[in-house]
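If you're matching positions, the sequence shown starts at 414 in this note's numbering and goes up one per residue.
Structure first, commentary second.
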Amino acid sequence: MHIGMMVMMTQALKTIVSSYHDYDKNSRLCPLPISRSRSRQWRQCRIGTFAVAIAALLISTTAWLSVVFSDATTCCFHHLKDWESSPHFFNWKKCISHRLAKVKPPPALQFETMNDHLHNGSSIVEEEGLSLKHIVFGIAGSSQLWKRRKEYVKLWWRPNDMRGHVWLEEQVLEEPGDDLLPPIMISEDTSYFRYTNPVGHPSGLRISRIVRESFCLGLSDVRWFVLCDDDTIFNVNNLVDVLSKYNSSEMIYIGSPSESHSANTYFSHSMAFGGGGIAISYPLAKALSEILDECIERYPKLYGSDDRLHACITELGIPLTCEHGFHQWDIRGDAHGLLSSHPIAPFVSIHHVEAVNSFYPGLSSLDSLKLFTKAMKADPKSFLQRSICYDHARHLTFSVSLGYVVQVLPNIVFPRELERSERTYSAWNGISQTNEFDFDAREPYKSVCKGPTRFFLKDTRREGNASWGSYVRGRDKDDFKKRILCFPLLPPLRNVGEIRVAVQPLSKNWHQVPRRLCCRQSQAGKEILQISVGECGKGTFSSVY
Numbered sequence: 414m415h416i417g418m419m420v421m422m423t424q425a426l427k428t429i430v431s432s433y434h435d436y437d438k439n440s441r442l443c444p445l446p447i448s449r450s451r452s453r454q455w456r457q458c459r460i461g462t463f464a465v466a467i468a469a470l471l472i473s474t475t476a477w478l479s480v481v482f483s484d485a486t487t488c489c490f491h492h493l494k495d496w497e498s499s500p501h502f503f504n505w506k507k508c509i510s511h512r513l514a515k516v517k518p519p520p521a522l523q524f525e526t527m528n529d530h531l532h533n534g535s536s537i538v539e540e541e542g543l544s545l546k547h548i549v550f551g552i553a554g555s556s557q558l559w560k561r562r563k564e565y566v567k568l569w570w571r572p573n574d575m576r577g578h579v580w581l582e583e584q585v586l587e588e589p590g591d592d593l594l595p596p597i598m599i600s601e602d603t604s605y606f607r608y609t610n611p612v613g614h615p616s617g618l619r620i621s622r623i624v625r626e627s628f629c630l631g632l633s634d635v636r637w638f639v640l641c642d643d644d645t646i647f648n649v650n651n652l653v654d655v656l657s658k659y660n661s662s663e664m665i666y667i668g669s670p671s672e673s674h675s676a677n678t679y680f681s682h683s684m685a686f687g688g689g690g691i692a693i694s695y696p697l698a699k700a701l702s703e704i705l706d707e708c709i710e711r712y713p714k715l716y717g718s719d720d721r722l723h724a725c726i727t728e729l730g731i732p733l734t735c736e737h738g739f740h741q742w743d744i745r746g747d748a749h750g751l752l753s754s755h756p757i758a759p760f761v762s763i764h765h766v767e768a769v770n771s772f773y774p775g776l777s778s779l780d781s782l783k784l785f786t787k788a789m790k791a792d793p794k795s796f797l798q799r800s801i802c803y804d805h806a807r808h809l810t811f812s813v814s815l816g817y818v819v820q821v822l823p824n825i826v827f828p829r830e831l832e833r834s835e836r837t838y839s840a841w842n843g844i845s846q847t848n849e850f851d852f853d854a855r856e857p858y859k860s861v862c863k864g865p866t867r868f869f870l871k872d873t874r875r876e877g878n879a880s881w882g883s884y885v886r887g888r889d890k891d892d893f894k895k896r897i898l899c900f901p902l903l904p905p906l907r908n909v910g911e912i913r914v915a916v917q918p919l920s921k922n923w924h925q926v927p928r929r930l931c932c933r934q935s936q937a938g939k940e941i942l943q944i945s946v947g948e949c950g951k952g953t954f955s956s957v958y
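Following this line, the structure appears as structure tokens:
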């Protein structure tokens with residue numbers, strides 16, 4: 414570029430010299446006026462000559478100043494002063510690297526050719542079905558928290574069937590039982606990246622590069638990279654089912670936004686939140702591995718890892734494919750309202766399990782999660798799926814959330830109301846108003862006479878193709894109030910202490926076109942009620958099958 418400037422300056426000087434020659438020639442061609450018309454012609458020649466000369470002078474001056482005051486010239490000038498007192502040859506490469514260190518704009522996207530299309534493998538049909546061996550997990554962790562949080566990973570990790578790593582900032586001591594966990598990897602140094610967000614933490618830089626570092630390991634037969642946190646619980650069977658719907662030879666970005674409207678507004682409504690899990694196809698991971706470091710340098714003001722990854726994926730032009738089974742769970746407090754109203758979609762993950770109360774009454778947080786994952790493993794496909802049925806004779810509504818709770822309401826409640834999540838929780842920012850959540854929510858029942866009687870899961874087992882769950886009556890703090898204030902109406906199923914739920918296996922492709930399950934109830938004894946749950950028949954137009 415500087416050689417071009419010198420050429421421009423030389424040409425400008427030539428123009429000046431030639432303009433003066435033209436002036437002399439014009440002086441000869443235009444002699445002293447002897448009439449009014451000749452006088453006007455002489456003046457026009459002289460003015461034109463001076464205009465050309467002044468323009469050439471301005472161009473040459475501008476070119477000279479751009480060379481003198483450019484970054485490279487300043488760099489070279491300082492190195493030249495050092496070189497005067499140094500025996501070493503002048504290092505021109507330092508000037509070039511200084512200029513390249515500037516932040517580059519996003520590169521222009523190129524049009525795809527047919528050869529590129531075939532090379533990407535997008536037209537190749539995957540003959541072998543997707544399995545866990547085709548997925549590589551990248552689990553973001555912290556060395557300070559790993560001793561406690563590795564207990565959550567043990568609940569869902571299968572060391573003999575799965576591949577992946579836990580990425581920490583520094584090495585930790587190995588303890589007995591760690592062989593049941595993913596191997597630990599130490600992330601590369603990210604201190605040379607800029608980070609200027611005033612409220613975030615630079616660890617977001619390290620975590621945003623996990624997909625790149627995982628790809629660079631060069632593992633074979635990989636179709637998907639799945640990113641999550643060390644306080645995330647995964648249903649890996651359903652994860653495989655969900656990812657199998659997509660062609661992994663295309664660039665695909667799968668996940669879900671936050672439950673919090675404020676969080677989605679701050680970050681993006683089209684961003685996958687990493688705590689709930691992000692699935693990235695192999696071609697997209699490959700593209701990110703090539704641009705990620707240069708890309709995140711363009712976004713020093715962003716908060717964390719998810720928004721940096723989203724920014725770089727957006728530069729590639731890939732939209733978010735939303736799957737409702739991924740749950741960021743940006744909530745605090747009692748998670749009952751979310752657990753009892755899971756969307757009609759395969760349950761894949763939950764996050765922030767330390768920030769919510771124990772799921773089941775009378776159990777510690779960890780023991781509660783052990784029972785939770787036990788039910789999940791007993792019947793992964795139907796876990797947390799909803800079923801609604803009615804006892805018209807006793808005017809009761811049964812709302813079943815498999816693996817968690819059976820709620821019995823003392824009146825007929827339509828599915829449209831029960832599909833809405835009862836707001837028993839607050840958002841991560843502490844706000845608990847209904848409009849803070851980006852899904853259908855409703856206020857808890859204000860009248861104790863309308864509130865449900867809850868039977869929580871106590872144990873689960875599998876018999877042949879079916880699974881069984883035992884749900885016992887929970888202690889109701891409002892039971893005495895109900896007996897007094899709701900008289901003569903008594904709490905529903907006053908003598909029943911246990912509900913046994915039998916779940917018939919779901920079809921192999923239920924996850925592709927899911928439908929809420931149907932159920933029917935029957936009395937198995939004075940103190941035991943039995944409910945059967947399964948897929949609705951094709952000609953079924955009610956909640957009872």
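All C-beta atoms, glycine included, are put in the ideal place defined by N, C-alpha and C.
These numbers come from a predicted model, not from an experiment.
- Taking each of Y565, K863, A788 and S845 in turn and checking the Cα distance to N824, the smallest one comes out for K863.
- With contacts defined as CB atoms closer than 8 Å, D644 and R562 qualify as a contacting pair.
- Close CB contacts of F785 within its chain, under the 6 Å cut and outside five residues either way in sequence, are with F772 (chain order).
- Secondary structure of E587 (DSSP, three-state): coil.
- Per the Cβ contact rule, the stretch 882-896 is in contact with the stretch 856-872 (3 or more Cβ pairs under 8 Å).
- Distance from the CA of R721 to the CA of P927, rounded to the nearest whole angstrom, comes to 33 Å.
- The shortest C-alpha to C-alpha distance from E583 to any of Y565, T603, E564 and N573 is the one to T603.
- DSSP links Q943 through a beta bridge to R913 and S935.
- In the same chain as L568, and ignoring 5 residues on each side of it, the C-beta atoms closer than 7 Å to its own belong to I646, L782, K783 and T786, in chain order.
- Shown here, I691 sits in a strand according to DSSP, grouped into three states.
- Beyond the five residues adjoining it in sequence on each side, S657 comes within less than 6 Å, by CB distance, of L543 in the same chain, given in chain order.
- Under the criterion of beta carbons closer than 8 Å, T734 and Y666 qualify as touching, at roughly 6 Å.
- Exposed is the label assigned to E767, since fewer than 16 other Cβ atoms lie within 10 Å of its Cβ.
- S839: member of the beta strand (DSSP E) spanning Y838 to A840, first to last residue.
- A Cβ-Cβ distance of about 5 Å is found for the pair H740 and I763, placing them in contact under the 8 Å criterion.
- Around the beta carbon of E672, 16 or more other beta carbons sit within 10 angstroms, so the residue counts as buried.
- In the DSSP assignment, M598 falls outside any alpha helix (DSSP H) and within the unbroken beta strand (DSSP E) covering I597 to I599.
- The three-state reading of DSSP puts L594 in coil, since its state is none of H, G, I, E or B.
- Within the same chain, and ignoring the five residues on either side of D642 in sequence, the residues whose Cβ sits closer than 8 Å to its Cβ are I552, A553, G554, G687, G688 and H764.
- Membership of A791 in the alpha helix (DSSP H) is indicated by the continuous run S778 to A791.
- With distances taken between CA atoms, V819 lies nearest to S753 out of S845, I941 and S753.
- Within the stretch 695-763, the complete beta strand (DSSP E) segments at least 3 residues long are 733-735 and 744-746, listed from N- to C-terminus.
- Take A724, set aside five residues on each side of it, and the residues of its chain with a beta-carbon closer than 6 Å to its own are Y712, in chain order.
- Under the three-pair Cβ rule at 8 Å, the stretch 840-852 does not count as touching the stretch 888-900.
- Here DSSP, grouped into helix, strand and coil, assigns F900 to coil.
- Under the DSSP assignment, K567 falls in the alpha helix (DSSP H) whose first and last residues are W559 to K567.
- In this chain, the alpha helix (DSSP H) harbouring A676 covers H674 to Y679.
- The straight-line gap separating the alpha-carbon atoms of L942 and P774 is approximately 21 Å.
- In this model, N651 and R799 are separated by some 16 Å (Cα to Cα).
- CA-to-CA, the gap between P793 and P518 works out to about 46 Å.
- In chain order, G577 and V639 place their CB closer than 6 Å to the CB of F550, counting only its own chain and leaving out the 5 sequence neighbours on each side.
- Cβ-Cβ distances below 6 Å link P611 to nothing in the same chain once the five nearest sequence neighbours on each side are left out.
- Apart from the 5 residues on each side of it in sequence, H547 sits with its Cβ closer than 6 Å to the Cβ of R636 in its chain, given in chain order.
- Its Cα nearest to that of A748, the residue T837 stands out among T837, V821, S662 and T953.
- In the three-state reduction of the DSSP assignment, S845 falls in the coil class.
- Counting only residues of its own chain and dropping the five nearest sequence neighbours on each side, Q936 has a CB closer than 7 Å to the CB of L942.
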